[in-house]
Amino acid sequence: MVAPVEYVGEGTLDTTMEYEGQYDTQERFGIIQEALNSLLKETESVADRVARLISSRKTENENLSADVDYLQEEVEFLQKKNYEDCNNLNKAIKKFQYQVEEARQVIMEKEEIIKVQQRFVASKQEEIEEQYVFIDDLRQNVRDLRNQLEIKQIEKILAQQSVEEEFRALGEIDEQLHAVDKENVPERPASKLRPKGFLGCLSKRLLKVGLCVAISTVSAANQARTFLYSCGAYRDTCLWSCAHELLDTCCSIACAVSGHF
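Under our numbering, the residues of the sequence shown are numbered 3 to 263, in order.
Written out as structure tokens, the structure reads:
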């Protein structure tokens, strides 16, 4: 605050001005001092805050550095693990591809085997169908042969009956001749009284009938056996037994017919 200036003499004026100058200087110095003190306080406060901030930042930086180091180690560990996992995965993929290729090759081989088996089964099916046809034909032939055999047996029975009748008639004739021989010509041999022409014709007729029956029956049996062998029916027990039965029957018929001669 500036004091009012009063008019005085020259010496007093100089003193007063000097005093006022000193007063202004002190006042300004005090103001400056207060400003400096306030600035110093603010500076100290700022310095404290800066120091605390620096300390906090330093702590944060240290923590951040520790975190960064930890994260870096973790990243390195993860990178290493990822690298190992990638290598293992690549190895597994290669192994799996190799197994897939092997499986594909095995599947192709199995498909070829299946195709071969299918062709084999188809051929066997055709053979089975042919065998069924052969068996049907064979059964039909066996039925025909049985019918023929029955006819031959009937003819054989009829022939036997005819032979028996002829022998019976021959016996009656022999008895009549013997009776006549005994009554009229006792000294003449009985063999000379028999009608040789009649006996010869009768024997030839009987021999012809018997041989025809025997030859036809044996031929039918042999034909059945040959047909069985040609058709591969030697594995069929029923058909083979039928053939043996036919052959045995034919042989028995031949023996029965030839026994009369």
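Cβ atoms here follow ideal geometry from the backbone N, Cα and C, with glycine treated the same way.
Query	Result
Residue burial classification, Leu160 (beta-carbon count within 10 angstroms, cutoff 16)	exposed
7 Å Cβ shell around Lys126 - same chain, five flanking residues per side excluded	none
Exposure of Lys117, with buried meaning 16 or more beta-carbon neighbours within 10 Å	exposed
Leu80 versus Ser58 - alpha carbon distance	31 Å
Whole-angstrom distance between Glu132 and Gln119, CA atom to CA atom	19 Å
Sequence-distant residues of its chain with Cβ nearer than 8 Å to Arg170 (five each side left out)	none
Buried or exposed (CB count within 10 angstroms, at least 16 for buried), Lys154	buried
Classification of Glu44 by the beta-carbon crowding that lies within 10 angstroms, buried from 16 upward	exposed
Residue burial classification, Lys97 (beta-carbon count within 10 angstroms, cutoff 16)	exposed
Contacting residues, own chain, Cβ-Cβ under 7 Å from Lys60 (five flanking each side not counted)	none
Euclidean distance between Cα positions of Lys82 and Asn65	25 Å
Same chain only: Cβ atoms within 6 Å of Arg148, ignoring 5 sequence neighbours per side	none
Straight-line gap, Leu140 to Asp146 (C-alpha atoms, nearest Å)	10 Å
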